[in-house]
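Engineer: The numbering of the sequence shown is UniProt numbering, which starts it at 1 and goes up by one.
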Amino acid sequence: MPNVASYTRREELRDSTPIEIRALRPEDEAGMLAALGQTSAQSIQRRFFAMKRHFSDKERAYFLEIDFSSQVALVACAEDAGRSIIVGGGRYVVTEPGRAEMAFVVIDAWQGRGIGAILARHLIALAREAGLDELTAEVLPENAAMRRVFDKLGFRPTAKQDPQTIHLVLKLT
Numbered sequence: 001m002p003n004v005a006s007y008t009r010r011e012e013l014r015d016s017t018p019i020e021i022r023a024l025r026p027e028d029e030a031g032m033l034a035a036l037g038q039t040s041a042q043s044i045q046r047r048f049f050a051m052k053r054h055f056s057d058k059e060r061a062y063f064l065e066i067d068f069s070s071q072v073a074l075v076a077c078a079e080d081a082g083r084s085i086i087v088g089g090g091r092y093v094v095t096e097p098g099r100a101e102m103a104f105v106v107i108d109a110w111q112g113r114g115i116g117a118i119l120a121r122h123l124i125a126l127a128r129e130a131g132l133d134e135l136t137a138e139v140l141p142e143n144a145a146m147r148r149v150f151d152k153l154g155f156r157p158t159a160k161q162d163p164q165t166i167h168l169v170l171k172l173t
């Protein structure tokens with residue numbers, strides 16, 4: 001498997017806007033915080049299942065210190081006024097041998113353009129290369145757009161004990 005920590009790919013959105021999908025880097029903290037600052041309360045609540053505007057040092061370390069083995073994190077970057085900005089991000093975290101949970105978020109101004117699906121496709125490919133058997137995701141029932149993305153990618157709902165979320169599974173093997 002290639003070195004995932006240096007992963008980078010070029011993609012085009014539905015409207016032909018070029019974006020870069022790349023591994024999250026430690027120096028991305030300011031860019032990630034700026035992206036979260038441009039994300040609505042509703043989008044943040046749909047990603048974290050709670051309203052979050054500030055992250056503790058421990059949470060920041062968790063989100064930025066990626067080993068690219070038990071946790072893989074990618075960002076989507078686009079050009080804005082001549083500089084590259086983070087417009088979305090996604091990750092999977094291994095929860096038990098062969099299984100990982102996947103999640104992602106796209107800033108509001110960039111939603112509906114295919115970034116979530118692109119991030120998810122790259123994460124799925126990396127999970128397969130890593131030899132994982134299954135990806136899971138938790139989605140709030142009212143998050144219809146995210147449910148459609150997961151459905152198109154082949155995720156299927158399964159029984160889950162938490163009535164507040166829909167538990168989705170994608171078999172990779």
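For each residue, glycine too, the CB sits at the ideal point set by N, CA and C. Keep in mind it's a predicted model, so treat the numbers as computed, not measured.
1) Cα-Cα, which of His167, Leu132 and Asp80 is closest to Glu96?
2) Please return the same chain residues whose Cβ sits closer than 6 Å to the Cβ of Leu24, not counting the five positions on each side in sequence.
3) Hey, out of Glu12, Gln71, Val4 and Ala103, whose CA is closest to Arg147's CA?
4) Give every residue of the same chain whose Cβ lies closer than 7 Å to the Cβ of Ala137, excluding the five residues on either side of it in the sequence, and list them in chain order.
5) Give the secondary structure of Arg9 by DSSP, where H, G and I count as helix, E and B as strand, and everything else as coil.
6) If I'm right that Ala35 touches Ile107 with Cβ under 8 Å, what's the distance once you round it to whole angstroms?
7) Kindly list the residues whose CB is nearer than 7 Å to the CB of Asp162, restricted to its own chain and excluding five residues on each side of it in sequence; keep chain order.
8) What are the partner residues of Lys171, as DSSP defines its beta bridges?
9) Hey, Ala127 and Leu135 are a contact pair by Cβ (cut 8 Å); roughly how many whole angstroms apart?
10) Taking Leu170 as the reference, which of Leu140, Glu142 and Arg121 has the closest Cα?
11) Gly88 by DSSP, collapsed to three states: which one?
12) Among the candidates Leu13, Leu33 and Lys160, whose CA atom is the shortest distance from the CA of Gly112?
13) Measuring CB to CB, does Ala81 end up less than 7 Å from Val87?
14) What does a CB cutoff of less than 8 Å around Thr17 pick up in its chain, not counting 5 residues either side in sequence?
15) Taking DSSP as the reference, what is the three-state secondary structure of Glu20?
16) For a test of the three-state rule: what should DSSP assign to Pro157, helix, strand or coil?
Structural biologist: In short, the structure shows the following:
1) By 1-based counting over the sequence shown, the position of residue 96 is 96. Among His167, Leu132 and Asp80, the Cα nearest to that of Glu96 belongs to Leu132.
2) Mapped onto the sequence shown, residue 24 falls at position 24. Answer for Leu24: Ile66, Ala73 and Val75, listed in chain order.
3) Counting from 1 along the sequence shown, the entry for residue 147 is found at position 147. Distances from the CA of Arg147 to each of Glu12, Gln71, Val4 and Ala103 were compared; the closest alpha carbon is that of Ala103.
4) As a first step, residue 137 must be located in the sequence shown, where it is residue number 137. The beta carbon of Ala137 lies closer than 7 Å to those of Glu101, Met102, Ala103, Phe150, Phe155 and Leu168 in the same chain, with the five residues before and after it left out.
5) For the purposes of this step, residue 9 is identified with residue 9 of the sequence shown, where counting begins at 1. Reduced to three states, the DSSP call for Arg9 is strand.
6) Numbered from 1 along the sequence shown, position 35 holds the residue referred to as residue 35. Numbered from 1 along the sequence shown, position 107 holds the residue referred to as residue 107. Between Ala35 and Ile107, the beta carbon gap of about 5 Å places them in contact (Cβ cut-off 8 Å).
7) Translated into positions along the sequence shown, residue 162 becomes position 162. Excluding sequence neighbours, Asp162 sits near nothing in its chain.
8) For the purposes of this step, residue 171 is taken as residue 171 along the sequence shown, with counting starting at 1. Its beta-bridge partners are Glu134.
9) Taking the sequence shown and counting its residues from 1, one reaches residue 127 at position 127. Taking the sequence shown and counting its residues from 1, one reaches residue 135 at position 135. Contact check for Ala127 and Leu135: beta-carbon distance about 6 Å, within the 8 Å limit, so the pair qualifies.
10) Taking the first residue of the sequence shown as 1, we reach residue 170 at position 170. By alpha-carbon distance to Leu170, the top candidate from Leu140, Glu142 and Arg121 is Arg121.
11) Position 88 of the sequence shown, counting from 1, holds the residue named residue 88. Strand, per DSSP.
12) Residue numbering aside, residue 112 sits at position 112 when the sequence shown is read from its first letter. The option with the nearest alpha carbon to Gly112 is Leu13.
13) Position 81 of the sequence shown, counting from 1, holds the residue named residue 81. Position 87 of the sequence shown, counting from 1, holds the residue named residue 87. For the 7 Å CB-CB criterion, Ala81 and Val87 do not form a contact.
14) By 1-based counting over the sequence shown, the position of residue 17 is 17. Cβ-Cβ distances below 8 Å link Thr17 to Ala78 and Arg113 in the same chain, with the five nearest sequence neighbours on each side left out; the list follows chain order.
15) Along the sequence shown, one-based indexing puts residue 20 at 20. Residue state for Glu20 is assigned as strand, using DSSP reduced to three classes.
16) Position 157 of the sequence shown, counting from 1, holds the residue named residue 157. In the structure shown, the three-state DSSP call for Pro157 is strand.
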